[in-house]
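*Asks:*
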Amino acid sequence: MNVWKANGLNSYNMKLSCIKSTVLIEKKELFGLSIIENVKLSFHLSICSSCKDYKRQSQLIDAALRQQFVTKLEFTEAEKQEIINKLKSE
Amino acid sequence: MFKKETLRSEDLVSQLVSLFSDEMLSWAYSKTSKREIAEDLVQETFLAAFKGIGRFQEGSSYKTWLFGILNNKIADYHRDRIRKGHDQSKENHLDMFDGKGAWTEGSKPEKWDYEAQLLDDSEFNQVLHLCMDQLPEHWSAALTYKYLSDKKASDICQELQISETNYWQILHRAKLKVRECLESKWFK
Numbered sequence: 001m002n003v004w005k006a007n008g009l010n011s012y013n014m015k016l017s018c019i020k021s022t023v024l025i026e027k028k029e030l031f032g033l034s035i036i037e038n039v040k041l042s043f044h045l046s047i048c049s050s051c052k053d054y055k056r057q058s059q060l061i062d063a064a065l066r067q068q069f070v071t072k073l074e075f076t077e078a079e080k081q082e083i084i085n086k087l088k089s090e
Numbered sequence: 091m092f093k094k095e096t097l098r099s100e101d102l103v104s105q106l107v108s109l110f111s112d113e114m115l116s117w118a119y120s121k122t123s124k125r126e127i128a129e130d131l132v133q134e135t136f137l138a139a140f141k142g143i144g145r146f147q148e149g150s151s152y153k154t155w156l157f158g159i160l161n162n163k164i165a166d167y168h169r170d171r172i173r174k175g176h177d178q179s180k181e182n183h184l185d186m187f188d189g190k191g192a193w194t195e196g197s198k199p200e201k202w203d204y205e206a207q208l209l210d211d212s213e214f215n216q217v218l219h220l221c222m223d224q225l226p227e228h229w230s231a232a233l234t235y236k237y238l239s240d241k242k243a244s245d246i247c248q249e250l251q252i253s254e255t256n257y258w259q260i261l262h263r264a265k266l267k268v269r270e271c272l273e274s275k276w277f278k
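Taken in order, these protein sequences are the chains called B and Z.
For reference, each letter of the first sequence is one residue, going 1 to 90 in this note's numbering.
For reference, each letter of the second sequence is one residue, going 91 to 278 in this note's numbering.
1. What are the boundary residues of the alpha helix (DSSP H) that Z/Arg145 is part of?
2. Using 7 Å as the limit for Cβ to Cβ distance, is B/Ala78 near chain Z?
3. At what residues does the alpha helix (DSSP H) containing B/Phe43 begin and finish?
4. 7 Å is my cut-off, CB to CB: does B/Leu73 come that close to chain Z?
5. Mapping the DSSP letters down to three states, classify Z/Phe136 as helix, strand or coil.
6. Cβ of Z/Gln224 less than 7 Å from any chain B Cβ?
7. Taking C-beta pairs closer than 9 Å, name the residues in chain B that Z/Leu160 reaches, listed in chain order.
8. In this structure, does DSSP put Z/Trp193 in helix, strand or coil?
9. Can you give me the C-alpha to C-alpha distance between B/Glu37 and Z/Arg173, rounded to a whole angstrom?
10. Provide the residue span of the alpha helix (DSSP H) that contains B/Phe75, from first to last.
11. Comparing C-alpha positions only, which one of Z/Asp101, Z/Ser123, Z/Trp276 and Z/Lys265 sits nearest to Z/Leu184?
12. Using the C-alpha atoms, what's the distance from Z/Glu129 back to Z/Phe92?
13. DSSP beta-bridge partners for Z/Phe187?
14. Can you grab the Cα-Cα spacing for the pair B/Gln68 / Z/Ser212, in whole Å?
15. Please name the residue in B/Glu77, B/Lys72 and B/Cys48 whose C-alpha comes closest to that of Z/Trp193.
16. Quick check on Z/Trp193 - is its C-beta less than 7 Å from some C-beta in chain B?
17. Are the C-beta of Z/Asn256 and some C-beta of chain B separated by less than 7 Å?
18. Determine whether the beta carbon atoms of Z/His159 and Z/Ala139 lie at a separation below 7 Å.
19. Sort Z/Leu238, Z/Gly196 and Z/Tyr152 by Cα distance to Z/Tyr119 and report the nearest one.
20. Should Z/Ala231 and B/Leu30 be called a contact, given that it needs their Cβ atoms to be closer than 7 Å?
21. B/Ile84 and Z/Val132 - do their beta-carbons sit closer together than 7 Å?
22. Is it the case that the Cβ atoms of Z/Leu209 and B/Ala63 are separated by a distance below 7 Å?
23. Using only CA atoms, which one of Z/Cys247, Z/Ser274 and Z/Glu273 lies nearest to Z/Leu261?
24. Strictly under 7 Å for the Cβ-Cβ distance: is Z/Leu115 near chain B by that measure?
25. When the cut-off is 7 Å and only beta carbons count, does Z/Ser104 lie next to chain B?
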């Protein structure tokens, strides 16, 4: 199935599939949507709790990637020494 | 302040490595989700830094200088991955949807508990890295690259010379996969 063509946005049908609605959720975040796309998406989200959950979780993933959460890692002393040696030999 | 000879002195090299290498490693890892890559990037950063020590501005901080170089290397790394990537199996995420484009039974997103606290949870962030690491390289690169700077998506596409459609299709598939991975690894 070709998702990008199936359930085309030019159709007058208001119904949006779940896959297409997840596409629009991402597209909206990146580039914004046309008025028709926006209406269709809002309508779908008003009746589909799975896609509503997807939207919130997608935003949470965005926030997690955007935030500067740093897990502390360390080089071993030997690795540090190796870097130092390499730098000195350059 | 320092003469070039002094800056290259063994003392300074050792000092900067022992002062900043761990912090740089942690930072690079948080932006690549791969320890090996992060180690390489830190090493390359030190090499580039000492080669270009002549450009170091007197009075500025070594830390800012090193992290500036590191951030460029991280961005280069992701750009490279995105440019090299091409999708062989375009439709391979579709297994979470049926033929009509509806969520299949086991794939429906479920409510996540304690959503608000997740961002500060280090274990959750670890699982996120794990899930990012399971994506095809150019997907995770595209997803990470977006948040390295405040650049607009349209500018990123221009910079990477990929079409907007191609870009949001990659990000859409990447998101679906990461979400699914988080749900199975964290919430179940």
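Cβ coordinates follow ideal geometry from the N, Cα and C atoms, glycine included.
Please read all numbers here as calculations on a predicted model, not as lab measurements.
*Replies:* So, from the listed chains and residues:
1. Position 55 of the second sequence, counted from the start, is the residue given in the question as residue 145 of chain Z. In the DSSP annotation of this structure, Z/Arg145 is not part of any alpha helix (DSSP H), being labelled neither H nor E.
2. Walking along the first sequence from the start, residue 78 of chain B turns up at place 78. So, not an interface residue.
3. Residue mapping note: residue 43 of chain B aligns to position 43 of the first sequence, counting from 1. Run containing B/Phe43: Ile35 to Ile47, per the alpha helix (DSSP H) assignment.
4. Here residue 73 of chain B corresponds to residue number 73 of the first sequence, with the count starting at 1. Answer yes: the Cβ-Cβ gap between B/Leu73 and chain Z drops below 7 Å somewhere.
5. Start at 1 with the first residue of the second sequence, and residue 136 of chain Z comes out as number 46. Correct three-state label for Z/Phe136: helix.
6. Within the second sequence, numbered from 1, the residue matching residue 224 of chain Z stands at position 134. It does not: the Cβ of Z/Gln224 has no partner Cβ on chain B nearer than 7 Å.
7. Indexing the second sequence from 1 puts residue 160 of chain Z at position 70. For Z/Leu160, there are no neighbours in chain B by C-beta distance under 9 Å, as the nearest C-beta there is about 13 Å away.
8. Taking the first residue of the second sequence as position 1, residue 193 of chain Z is located at position 103. If DSSP states are grouped into helix, strand and coil, Z/Trp193 belongs with the strands.
9. To locate residue 37 of chain B, count along the first sequence from 1; it is residue 37. To locate residue 173 of chain Z, count along the second sequence from 1; it is residue 83. Cα to Cα, the separation comes out at about 30 Å.
10. Position 75 of the first sequence, counted from the first residue, corresponds to residue 75 of chain B. Per DSSP, B/Phe75 is not a residue of any alpha helix (DSSP H), being assigned neither H nor E.
11. Walking along the second sequence from the start, residue 184 of chain Z turns up at place 94. The candidate whose alpha carbon is nearest that of Z/Leu184 is Z/Lys265.
12. Counted from its first residue, the second sequence places residue 92 of chain Z at position 2. Counted from its first residue, the second sequence places residue 129 of chain Z at position 39. For Z/Phe92, the predicted model reports a pLDDT of 46, less than 50, meaning its position is unreliable and no value from the coordinates is stated.
13. Numbered from 1 along the second sequence, position 97 holds the residue referred to as residue 187 of chain Z. In the DSSP secondary-structure assignment, Z/Phe187 is bridged to Z/Trp193.
14. Within the first sequence, numbered from 1, the residue matching residue 68 of chain B stands at position 68. Within the second sequence, numbered from 1, the residue matching residue 212 of chain Z stands at position 122. Near 12 Å, if we compare the C-alpha coordinates of Z/Ser212 and B/Gln68.
15. What you label residue 193 of chain Z is simply residue 103 of the second sequence in a count that begins at 1. With distances taken between CA atoms, Z/Trp193 lies nearest to B/Cys48 out of B/Glu77, B/Lys72 and B/Cys48.
16. Against the second sequence, residue 193 of chain Z aligns to sequence position 103. Contact of Z/Trp193 with chain B is assigned, a C-beta pair being separated by under 7 Å.
17. Numbered from 1 along the second sequence, position 166 holds the residue referred to as residue 256 of chain Z. False, the Cβ-Cβ gap to chain B never drops below 7 Å.
18. The residue given as residue 159 of chain Z occupies position 69 in the second sequence. The residue given as residue 139 of chain Z occupies position 49 in the second sequence. First, the amino acid is wrong: residue 159 of chain Z is Ile here, not His. Taking 7 Å as the Cβ cut-off, Z/Ile159 and Z/Ala139 qualify as a contacting pair.
19. Stepping through the second sequence from its first residue, residue 119 of chain Z is reached at position 29. Nearest option by C-alpha distance: Z/Leu238.
20. Walking along the second sequence from the start, residue 231 of chain Z turns up at place 141. Walking along the first sequence from the start, residue 30 of chain B turns up at place 30. In this structure, the beta-carbon distance from Z/Ala231 to B/Leu30 does not fall below 7 Å.
21. For the purposes of this step, residue 132 of chain Z is taken as the residue at position 42 of the second sequence. For the purposes of this step, residue 84 of chain B is taken as the residue at position 84 of the first sequence. One thing to note: Z/Val132 has its Cβ no nearer than 7 Å to the Cβ of B/Ile84.
22. The count along the second sequence starts at 1 and reaches residue 209 of chain Z at position 119. The count along the first sequence starts at 1 and reaches residue 63 of chain B at position 63. Closer than 7 Å, so yes.
23. In the second sequence, residue 261 of chain Z corresponds to position 171, counting from 1. The residue from Z/Cys247, Z/Ser274 and Z/Glu273 with its alpha-carbon nearest to that of Z/Leu261 is Z/Cys247.
24. In the second sequence, residue 115 of chain Z corresponds to position 25, counting from 1. Contact with chain B is found for Z/Leu115, since one of that chain's Cβ atoms lies less than 7 Å from the residue's Cβ.
25. Counting from one through the second sequence, the residue named residue 104 of chain Z turns up at place 14. Chain B contact via Cβ: present.
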